[in-house]
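Take the sequence shown: its position 230, counting from 1, is numbered 244 in the numbering used here, and each next residue is one higher.
We treat Cβ as the ideally placed atom computed from N, Cα and C, and that holds for glycine.
Every value quoted in this text rests on a predicted model; they were computed, and no experiment measured them.
Right, one structure below, let's go through it.
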Amino acid sequence: MSQKFDAIKERESNLLCNTYGRYPLAVSRAKGCRLYDLDGNEYRDFLAGIAVCSLGHSRDDLADVMAEQARKMVHVSNLFYQEPQLDLAEKLLSTCAAGKVFFCNSGAEANEGAIKLARKYMRTVRNEDRYEIITLEKSFHGRTLSTLTATGQAGPIKEGYSPLPDGFVTVPFGNVNALRGAINLHTAAIMVEMVQGEGGVRPLPTDYVNDIVALCKENGILLIVDEVQTGVCRTGRFWAHQHYGVTPDIFTSAKALANGLPMGAVLCSNEVAKGFTPGSHATTFGGGALVASVAAKVIDIMIEEKMAERALKMGEFAREQVFKLKEKHPDTIAGTRGLGLLFGIELSKNGREIWNGLLEHRIVCNLTQGTILRLVPPLTITEDDITAFVQALDEVLTAIEE
Ligand code: PLP
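Here it is as structure tokens:
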């Protein structure tokens, strides 16, 4: 590590709450699909700020929109009607079957809003005392108290925060009987990610999704889809639920929505939207003019430049390349999983050493659940970048296996 890195690490330890297990890398600049450290070294970025900067880093076209809007109006509050918010809503609603949107600032806040909306709709529109939310094991829905409770993972992320809110049940992944058994007269919704991201890049099997939809219909409960990580073209469709031909009652978005500016959204049917009335839910910054104008431009680019198709194509290319590599390293690479550019490489052993080796080869990616290399690069990533990744992985595995 360089002296500059040691200095920034030491400086941070005196200033910030110690919540992050940081990578041993300080980033001073990011452009396109590249990151640069304090000494100017270049890294290929297969992380995109954790599936956020899907159009690549520091784009001039987004910077122009940002600068223009910043000079005109940044924030005036949701007490006022504002066109940028409506322009964004029109574009966003044109990508899906939802009828209404509520803007907020993060994935957790969007999921929190979705949970509140499901309960409120059941109580005030349907007049039923339904409040319970069923989620799946290994899901990840956020870090606020409710979304943390909804998150189907045990361990340090929940420890020390009790009492956690009531009204959440987690069931084993893929087990329809367990799901059926968990439904009762107080169930308001089943909430799922179509591809579990943090949980190890696990797509929901199609039959399982069909069963979930059928259970929701039979029991008169809502389907909430958390598209915080999967949305905005990442998986090869604008929204991951579109792969399954499913229309959620509520779904959430965040991460890639404004390509790095904090923004979240709760999208819902016109029927479910009746649950929210003035004063029932709000947020100061949500849908402010600056983030809204950038997000609107993001959606334009996503559509004009066919980013969903690109994600599918590049994901397929990565899959083919990793499959070839698996033949050379059959004891270490177990397979691939995911959809589009939410791409996981399953390892047969703990991947820490492999992840470290990749970083030494100046490749940034993520290791999740100990054995899954998670690749969520900018959707603008090229075949050359993917080939370079696979070559680096080959070198790392060859060195380790020797
Ligand atoms: N839901 C999913 C599926 C996520 O992947 C994440 C973050 O990784 C969240 C919710 C929480 O989003 P945020 O960190 O913006 O609150």
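Q | When I395, S307, C67 are compared against D101, the one with the closest alpha-carbon | A | S307
Q: State buried or exposed for V88, treating a residue as buried only when at least 16 other CB atoms are found within 10 Å of its CB.
A: exposed
Q: Starting from the C-beta of G289, find all residues in its chain whose C-beta is less than 7 Å away, skip the five residues before and the five after it, and write them out in chain order.
A: L131, K134, Y135, T138, V139
Q: Would you tell me roughly how many angstroms separate the C-alpha atoms of A192 and R333, rounded to the nearest one?
A: 33 Å
**Q.** Reduced DSSP category for Y57 - H, G, I as helix; E, B as strand; rest coil
**A.** strand
Q. Which same chain residues, not among the five before or five after V239, have their C-beta less than 7 Å away from its C-beta?
A. V206, M208, H255, P262, F265
(Q) Can you confirm whether the segment 179-187 touches the segment 145-156 when touching is taken to mean that 3 or more C-beta pairs between the two stretches lie within less than 8 Å? (A) yes
(Q) Are the CB atoms of K311 and D74 within a distance shorter than 8 Å? (A) no
Q: Could you name the residues of the same chain whose beta carbon sits closer than 7 Å to that of F19, not counting the 5 residues immediately before and after it, in chain order?
A: A40, L52
(Q) Taking the alpha carbon of N198 as the reference point, which residue from G234, E123, Q243, E416 has its own alpha carbon closest? (A) G234
Q | Close-in-space but distant-in-sequence residues of the same chain around K114 (CB under 7 Å, 5 per side omitted) | A | C282, N284, A287
Q: Take F337 and list the residues in its own chain whose beta-carbon comes closer than 8 Å to its own, dropping the five residues that flank it on each side.
A: T350
Q) Which residues in the same chain have their Cβ closer than 8 Å to the Cβ of Y222, if we skip the five residues on either side of it in sequence? A) G188, V190
Q: Check whether the Cβ of A132 lies closer than 7 Å to any heavy atom of ligand 1, and answer yes or no.
A: no
Q | Where H255 falls: helix, strand or coil (DSSP) | A | helix
Q.
If the criterion is Cβ atoms closer than 8 Å, does the pair V390 and L356 meet it?
A. yes
Q. Does the Cβ of Q243 lie closer than 7 Å to at least one heavy atom of ligand 1?
A. yes
Q | Own chain residues within Cβ distance below 6 Å of C110, not counting five before or after | A | W253
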